[in-house]
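S.K.: Mind having a look at this structure? Questions to follow.
Protein chains: 2
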Amino acid sequence: MDEQRTELDRLGEFGLIDHLTKKFKPTNASTKLGVGDDAAVISISDTESMLVSTDFLIEGVHFNLMYMPLKHLGYKAVAVNVSDICAMNGKAEQVTVSMAVSSKFPVEALEELYEGIHAACKAYGVDLVGGDTTASYSGLTLSVTAIGRAETAKIAYRSGAKENDILVTSGDLGGAYVGLQVLEREKQVFQANPDIQPDLDGHDYIIQRQLKPEARVDVIKFLKELDVVPTSMIDISDGLASEILHLCKSSKVGCRLYDEKIPIDTQTSMTALEFNLDPATCALNGGEDYELLFTIAQSDYDKIKGNPHMTAIGNITDVSEGAYLVGSSGSVIELRAQGWDHFGN
Amino acid sequence: MDEQRTELDRLGEFGLIDHLTKKFKPTNASTKLGVGDDAAVISISDTESMLVSTDFLIEGVHFNLMYMPLKHLGYKAVAVNVSDICAMNGKAEQVTVSMAVSSKFPVEALEELYEGIHAACKAYGVDLVGGDTTASYSGLTLSVTAIGRAETAKIAYRSGAKENDILVTSGDLGGAYVGLQVLEREKQVFQANPDIQPDLDGHDYIIQRQLKPEARVDVIKFLKELDVVPTSMIDISDGLASEILHLCKSSKVGCRLYDEKIPIDTQTSMTALEFNLDPATCALNGGEDYELLFTIAQSDYDKIKGNPHMTAIGNITDVSEGAYLVGSSGSVIELRAQGWDHFGN
Chain A
51 MDEQRTELDR LGEFGLIDHL TKKFKPTNAS TKLGVGDDAA VISISDTESM
101 LVSTDFLIEG VHFNLMYMPL KHLGYKAVAV NVSDICAMNG KAEQVTVSMA
151 VSSKFPVEAL EELYEGIHAA CKAYGVDLVG GDTTASYSGL TLSVTAIGRA
201 ETAKIAYRSG AKENDILVTS GDLGGAYVGL QVLEREKQVF QANPDIQPDL
251 DGHDYIIQRQ LKPEARVDVI KFLKELDVVP TSMIDISDGL ASEILHLCKS
301 SKVGCRLYDE KIPIDTQTSM TALEFNLDPA TCALNGGEDY ELLFTIAQSD
351 YDKIKGNPHM TAIGNITDVS EGAYLVGSSG SVIELRAQGW DHFGN
Chain B
51 MDEQRTELDR LGEFGLIDHL TKKFKPTNAS TKLGVGDDAA VISISDTESM
101 LVSTDFLIEG VHFNLMYMPL KHLGYKAVAV NVSDICAMNG KAEQVTVSMA
151 VSSKFPVEAL EELYEGIHAA CKAYGVDLVG GDTTASYSGL TLSVTAIGRA
201 ETAKIAYRSG AKENDILVTS GDLGGAYVGL QVLEREKQVF QANPDIQPDL
251 DGHDYIIQRQ LKPEARVDVI KFLKELDVVP TSMIDISDGL ASEILHLCKS
301 SKVGCRLYDE KIPIDTQTSM TALEFNLDPA TCALNGGEDY ELLFTIAQSD
351 YDKIKGNPHM TAIGNITDVS EGAYLVGSSG SVIELRAQGW DHFGN
């Protein structure tokens, strides 16, 4: 292997997965969809499918225990996987949690972690059904797999967006990223002077967005009640721009995203400005909001119009028109992904 | 968490899992079995179930890249999870593979790893359907989840063994452990003098047992053809003694295991003696053979008698009689688990 050496960051995270898995072809009839969406789809009957999604959470890469309490980490580990099942328009029912842990953690720390896992299982109605527990040489690594169910005909893939569909996001965006900036600042203050108490006043919402994100199981329920089946869907784990581009690429379409339509909470905007950050940029390129980004047919628009949990932010165009961000002044710039790429930076 | 500190090795791996998961109670009707067997059981129809099993493989804990080629590692990662599905009397159909990898690995190394994963997927007829790929600060961590299917009525749990059942193992035991001793010795020779080529002659079988274990999907097929449904089953990942004790504990039974019945390959015995190891001890306490240990009703014994892939090694007794190893001289000693416990040593 020394003859040729291609560094991992040459390909980036998504490029690497594509490269490594390109020669894998499904052979079982039950495998409806493999790599490439928020979850795999496995047929279990004529009308129903199982959804499977898995995520790593690694200390120092995905979380920092200096400001992430273990209970929140446990909650988040389950929530982000439940979110992936939501992103397929399914309902998560089971999770497995595997943990590699160094001996620096006492049993009491893991009890806290599992309290968070338990709270999330309860909140989302999922059962912990397994996992592996082992020693590690460095820190804490979690691997969570969520298993869900969906009516096969109502599964929302990344690839289903059509020209003229409306682009919708749930909730508001950018908060988790700005919350992280606050936590990072207070960490530095604390490191410089451990006697100073962290000043998190007035930032409770965005800190919660970072530390305790919620999977939007409520939005999936609303959509069902409203009788809306999204034509495509993805969860916003990386940043709005990156996720829109995933949808456009998978669906072979273009889009127009309207800057001033992006829902941003006042606390997010105010705090972003404190940090000299543009709030819209935080929404576009920050990550970990775990809202749902989806497209709906124009004929469904009246059903979601005015719903406080959903905001229309753009529309789908022909692929030849590209993917653009339209500014409030009418300026048009090409959408670029600058989301989280663990190999790229 | 500083007030009280209980070290992880106080509880051991299995004790820790029991402790952390004791308050989790399944709430979904589809969850038939959660933590505590080789795989979770999720009901998908009146007659069929999905099986889910997951394992971590961590560099320095579960494998050493000094003697484990990446291609073999990829193969093994899939095989050990398929083995867990076999241990429920099911057929694996899908796997997810997540990988955390440090930048010391070039793309070419990961290509080798995925070649092994691909070979195992082909050999076992399973589809790669997902995973997560991320950076790590140290070495390589793999997390594999296998998903399988079984007729619900024919699932073999750890808990089904009954008094007078016959205890059976597939294949032969101890080889993987003795193979590891050879690899360790050659590693030390190599470290002392890199010019000396490793001397693996005459040890090819046991080295393959260590580096490229196979899931016994063939045994599951044989059992089906012979119309034998094991009353209980587990795969031998830790060591025969430890696995028998798992079966006995889950089934609330005792057992008699006959020392001279334990199937041990000649190469395993000969090499064990080279290392001044007792071959039976290697089978009892070594690990990673990935054979299947199961119990069958006496009435099924004639069906498997003489089958070259299965050996009757003991019988199940009432729980009050305890779990004992009977020596060839008639000596009787209590069975003790000295398998792999990553926290305990």
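As they're listed, the protein sequences go chains A and B. In terms of this note's numbering, the first sequence opens at residue 51 and continues consecutively. In terms of this note's numbering, the second sequence opens at residue 51 and continues consecutively. All C-beta atoms in this analysis are idealised placements derived from N, C-alpha and C, irrespective of residue type, glycine included.
(1) Along the chain, where does the beta strand (DSSP E) that runs through residue 131 of chain A open and close?
(2) Roughly how far, in whole angstroms, is the beta-carbon of residue 290 of chain B from the beta-carbon of residue 334 of chain B, given that I think they are within contact range, below 8 Å?
(3) Here's a check: name, in chain order, each residue in its chain whose Cβ is nearer than 7 Å to the Cβ of residue 350 of chain A, leaving out the five neighbours to either side.
(4) Considering just the uninterrupted stretch of the alpha helix (DSSP H) at residue 335 of chain B, what are its terminal residues?
(5) Rounded to the nearest angstrom, what separates residue 394 of chain B and residue 319 of chain B at their Cα positions?
(6) For residue 200 of chain B, does the three-state DSSP call read helix, strand or coil?
(7) Exposed or buried, residue 139 of chain B, counting other C-beta atoms within 10 Å across all chains shown (16 or more means buried)?
(8) Exposed or buried, residue 343 of chain A, counting other C-beta atoms within 10 Å across all chains shown (16 or more means buried)?
(9) Thinking C-alpha only, which one of B:387, B:59, B:84 and B:66 is nearest residue 288 of chain B?
(10) Run through the DSSP bridge pairs and tell me what residue 190 of chain B is partnered with.
(11) Throw me the rounded Cβ distance for the residue 368 of chain B and residue 304 of chain B pair, which I believe falls under 8 Å.
(12) If the criterion is Cβ atoms closer than 7 Å, does the pair residue 205 of chain B and residue 102 of chain B meet it?
(13) Is the separation between the beta-carbon of residue 357 of chain B and that of residue 306 of chain B shorter than 7 Å?
(14) How many Å lie between residue 239 of chain A and residue 232 of chain A at the Cα?
(15) Would residue 201 of chain A pass as an interface residue toward chain B - the criterion being a Cβ-Cβ separation below 7 Å?
(16) At least one CB of chain A closer than 7 Å to the CB of residue 150 of chain B: is that the case?
(17) Which stretch, first to last residue, makes up the alpha helix (DSSP H) that contains residue 272 of chain A?
(18) Suppose the cutoff is 8 Å on Cβ atoms and the five residues either side in sequence are ignored; what does the same chain contact list for residue 76 of chain B look like?
(19) When DSSP builds the beta bridges, which residues end up paired with residue 345 of chain A?
(20) Quick check on residue 180 of chain A - is its C-beta less than 7 Å from some C-beta in chain B?
(21) Apart from the five residues just before and just after residue 234 of chain B, which ones in its own chain have a Cβ nearer than 7 Å to its Cβ?
(22) Assign residue 134 of chain B to buried or exposed, taking buried as 16 or more other Cβ atoms, counted over all protein chains shown, within 10 Å of its Cβ.
(23) Taking Cβ-Cβ distances below 7 Å as the criterion, which residues of the region 184–210 of chain B are in contact with chain A?
(24) Between B:173, B:171 and B:119, which lies nearest to residue 162 of chain B when the distance is taken from Cα to Cα?
(25) Nearest to residue 173 of chain A by alpha carbon, out of A:158, A:126 and A:195?
(26) Tell me, which residues are paired with residue 365 of chain A by DSSP?
(27) Does the beta-carbon of residue 310 of chain B have 16 or more other beta-carbons within 10 angstroms, so that it is buried, or is it exposed?
(28) From this set, A:270, A:229 and A:263, which residue's C-alpha is nearest residue 250 of chain A's C-alpha?
(29) What residue does the beta strand (DSSP E) around residue 64 of chain A start on, and which one ends it?
(30) Comparing alpha-carbon positions, which option in A:376, A:297, A:258 and A:110 lies nearest residue 338 of chain A?
(31) Give me whichever residues DSSP pairs with residue 109 of chain B in a beta bridge.
(32) Grouping DSSP H, G and I as helix and E and B as strand, with all else coil, what is residue 231 of chain B?
(33) Please determine, among A:359, A:64 and A:92, the residue with the shortest C-alpha to C-alpha distance to residue 295 of chain A.
(34) Helix, strand or coil for residue 250 of chain B per DSSP?
(35) Is the beta carbon of residue 185 of chain B sitting closer than 7 Å to the one on residue 194 of chain A?
(36) Output yes or no for whether 7 Å exceeds the beta carbon distance between residue 218 of chain A and residue 330 of chain A.
M.R.: In brief:
(1) Premise fails: residue 131 of chain A lies in the alpha helix (DSSP H), 120–136, not in any beta strand (DSSP E).
(2) The beta-carbon distance between residue 290 of chain B and residue 334 of chain B, rounded to whole angstroms, is 5 Å. This is short enough to meet the 8 Å contact definition.
(3) Result list for residue 350 of chain A: 278, in chain order.
(4) From DSSP, the alpha helix (DSSP H) with residue 335 of chain B extends over 329–335.
(5) With a pLDDT of only 45 at residue 394 of chain B, under the threshold of 50, the placement of this residue in the model should not be trusted, and no figure is reported.
(6) The three-state reading of DSSP puts residue 200 of chain B in strand, counting E and B together.
(7) Buried, by the Cβ-count rule.
(8) Per the 10 Å Cβ criterion, buried.
(9) Per the C-alpha coordinates, the member of B:387, B:59, B:84 and B:66 positioned closest to residue 288 of chain B is B:387.
(10) By DSSP's assignment, residue 190 of chain B forms a beta bridge with B:151.
(11) Indeed they touch by this definition, with Cβ atoms about 6 Å apart.
(12) No.
(13) Cβ distance not < 7 Å, so residue 357 of chain B and residue 306 of chain B don't count as in contact.
(14) Between residue 239 of chain A and residue 232 of chain A, the C-alpha separation is close to 11 Å.
(15) Cβ-Cβ to chain B under 7 Å: no for residue 201 of chain A.
(16) With 7 Å as the cut-off, residue 150 of chain B counts as an interface residue toward chain A.
(17) Residue 272 of chain A -> alpha helix (DSSP H) spans 267–275.
(18) If we look at residue 76 of chain B and ignore the five residues flanking it on each side, its Cβ neighbours are 84.
(19) Bridge partners of residue 345 of chain A: A:217 and A:282.
(20) So, interface residue.
(21) None.
(22) Buried, since its Cβ has 16 or more Cβ neighbours within 10 Å.
(23) Against chain A - using a Cβ distance shorter than 7 Å - the residues of the region 184–210 of chain B are 184, 185, 186, 187, 188, 191, 193, 195 and 197.
(24) Relative to the Cα of residue 162 of chain B, the nearest Cα in the group B:173, B:171 and B:119 belongs to B:119.
(25) Of A:158, A:126 and A:195, the smallest CA-CA separation from residue 173 of chain A is found for A:126.
(26) Answer is A:216 and A:306, bridged to residue 365 of chain A.
(27) Counting the other CB atoms within 10 Å of its CB gives residue 310 of chain B a total below 16, which places it among the exposed residues.
(28) Nearest of A:270, A:229 and A:263 to residue 250 of chain A, Cα basis: A:229.
(29) Run containing residue 64 of chain A: none in the beta strand (DSSP E); it sits in the alpha helix (DSSP H), 62–71.
(30) For residue 338 of chain A, the nearest C-alpha among the options comes from A:258.
(31) Residue 109 of chain B pairs with B:113.
(32) Helix.
(33) Closest by alpha carbon: A:64.
(34) The three-state reading of DSSP puts residue 250 of chain B in coil, since its state is none of H, G, I, E or B.
(35) For residue 185 of chain B and residue 194 of chain A, no; Cβs fall outside 7 Å.
(36) Not closer than 7 Å, so no.
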